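In my numbering, the protein residues as written are 380 to 692.
Ideal Cβ placement from N, Cα and C applies to all residues, glycine included.
Owing to the predicted nature of the structure, the values given are computational and were not obtained by experimental measurement.
Report on the structure given below.
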């Protein structure tokens, strides 16, 4: 553990307004007067594991505590899962920096709405139909989404309110399916369920093609009940999104009054963050033997095994 990481532990200043402090206490069991104690408890657990060479500053550990409602064991296991995933998939996470996936961002595959939804959640927009498998592999798409989500959860407001995902499947066809495992959507869900420090509050599918039924029928059996309860299928009825996102802020192609969606601003913001992600890459799990989860090993094994086979002929 670096001296820099330890020295930054006391630099944290909470940025949550009163209403979100109240929400965090009600939904996440976060009490301001106990926060430092809770963070220190998790820090002590991390420090006892000599294989974990990671950040231990307050802001970083808070992401995991909030994601698991301040339950120490679950937060610690999430940390282990997160870094185990990176350890077991080095090729997937190598050169994990925005400039390395600039071509994916320029294609418009991944972006973020400039305004939050009605519940204060950031909205990530994923358009896999804009991915050209002949130009770049699915691994690059994964890295772009991972970087985007990693940046979003730096905001305390997003840690408390969560993140909403809109998956626009327009123009997705067999040229995409044949270049990835049929279980790709399941693998992403397994990652989000078991190895990422965020509160995923909903996944909205739009413009689902016929081939989607084939993929989803397999993927659903691996999803947790809570995840399934947060899936929404809108088909061509994109205006249904206005129930969740104010029409004023929703792009016109999704039934709103805002200009057509563009990820240009998000791309510019993310491309400024190379140094930040280079610093993150210094941390990790030294040994692959530290994963000790209760329930969830099956899901993690699915993530690990399937990511090794993402690209198929």
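For residue i, the residue or residues it bridges with in DSSP
| i | result |
| --- | --- |
| residue 501 | 542 |
| residue 611 | 583 |
| residue 489 | 505 |
Given residue i as reference, the closest of the options once Cα atoms are compared
| i | options | result |
| --- | --- | --- |
| residue 527 | 513, 501, 539, 418 | 501 |
| residue 417 | 554, 451, 581, 598 | 451 |
| residue 629 | 581, 427, 504, 653 | 504 |
| residue 653 | 511, 491, 481, 392 | 481 |
| residue 570 | 465, 433, 394 | 465 |
| residue 584 | 508, 443, 650, 499 | 508 |
| residue 440 | 647, 520, 641, 575 | 575 |
| residue 425 | 413, 444, 631 | 444 |
| residue 475 | 665, 664, 666, 660 | 660 |
| residue 588 | 577, 615, 601, 401 | 615 |
Close Cβ partners of residue i (< 8 Å) along its chain, the five nearest in sequence each way excluded
| i | result |
| --- | --- |
| residue 644 | 493 |
| residue 580 | 498, 500, 540, 541, 542, 543, 609 |
Residue i beta carbon near the ligand PLP (any heavy atom closer than 6 Å)
| i | result |
| --- | --- |
| residue 555 | Inclusion of the ligand PLP in the displayed structure is not the case, the ligand content being empty and no account of it being possible. |
Own chain partners of residue i with C-beta closer than 6 Å, once the 5 adjacent residues on each side are dropped
| i | result |
| --- | --- |
| residue 399 | 539 |
| residue 496 | 502, 543, 623, 624 |
| residue 611 | 583 |
Rounded straight-line distance, which links the Cα of residue j to that of residue i
| i | j | result |
| --- | --- | --- |
| residue 592 | residue 548 | 12 Å |
| residue 599 | residue 390 | 43 Å |
| residue 655 | residue 454 | 23 Å |
| residue 407 | residue 597 | 32 Å |
| residue 413 | residue 420 | 11 Å |
| residue 462 | residue 430 | 10 Å |
| residue 638 | residue 626 | 11 Å |
| residue 459 | residue 577 | 15 Å |
Beta-carbon contacts of residue i that lie in its chain and below 7 Å, excluding the five residues immediately before and after
| i | result |
| --- | --- |
| residue 524 | 489, 505 |
| residue 512 | 554, 555, 558 |
Report task. Please list the segments of the alpha helix (DSSP H) lying wholly inside the region 390–420, counting only runs of 4 or more residues, in order along the chain. Result -> 397–407
**Report entry** Uninterrupted alpha helix (DSSP H) stretches inside the region 639–665 (no shorter than 4 residues)
**Finding:** 643–649, 653–659
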